[in-house]
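Numbering (the working numbering), first residue to last: 877 to 1041.
Note that the Cβ used here is the ideal one computed from N, Cα and C, for glycine as well.
Remember, predicted model here, so these are calculated numbers, not experimental data.
To start, the structure under review is shown below, and the notes come after it.
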């Protein structure tokens, strides 16, 4: 029985080994090229994905660097704009102050001229009034002979009239 088991085992071994070899030969003849082409395509796809990811990373780094440069340029430009606006504001402030001082000076000069003219007109009016009163007083004195007390009262009376006028 042991020989039968041994010969059956040996036969099974030969059949399994032959089947395995036949299977390998059939795979080699009919499916090997298809299997290797699938693996090659998969390898190419993985390599292309890796290359694409590397290119995308490099592009992202370039874009990030470009954004940093643009941001720095924008900050510099904003600073320049602010400085220019400050300088313009200071110039306009100085100009407005100078114009205000000039206008105030002109108004002051005009007011002083108006005051001087009004004063001159007032003096001229008072001078005319005093001259008229002096003439009237002289006429009264000439028409009347007055004593010293009456003359003093007459002068005081005319001076009071001058104050009222």
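For residue 975 and residue 1012, I'd like the C-alpha separation in whole angstroms. Counting from one through the chain shown, the residue named residue 975 turns up at place 99. Counting from one through the chain shown, the residue named residue 1012 turns up at place 136. Between the alpha carbons of residue 975 and residue 1012 lies a gap of roughly 55 Å.
Go through its chain and collect everything with a Cβ distance to residue 920's Cβ below 7 Å, but skip five positions before and after it. As a first step, residue 920 is located in the chain shown; it is residue number 44 there, counting from the start. Result list for residue 920: empty, nothing under 7 Å.
If contact is defined by three or more beta carbon pairs under 8 Å, each pair taking one atom from either stretch, is the region 988-1000 in contact with the region 1024-1034? no
Note down the Cα distance separating residue 944 from residue 952, rounded to an integer number of angstroms. Along the chain shown, read from residue 1 onward, the residue named residue 944 stands at position 68. Along the chain shown, read from residue 1 onward, the residue named residue 952 stands at position 76. Cα to Cα, the separation comes out at about 12 Å.
Rounded C-alpha distance that separates residue 973 from residue 982: As a position in the chain shown, residue 973 is number 97, starting the count at 1. As a position in the chain shown, residue 982 is number 106, starting the count at 1. Distance between the alpha carbons of residue 973 and residue 982: 14 Å.
Mind checking whether the beta-carbon of residue 943 lies closer than 8 Å to any heavy atom of the ligand NAD? Absent from the structure shown: the ligand NAD. Ligands present: none.
Roughly how many angstroms lie between the CA atoms of residue 989 and residue 1032, to the nearest whole one? On the chain shown, position 113 is the one that residue 989 refers to. On the chain shown, position 156 is the one that residue 1032 refers to. Looking at the two C-alpha atoms, the distance is approximately 35 Å.
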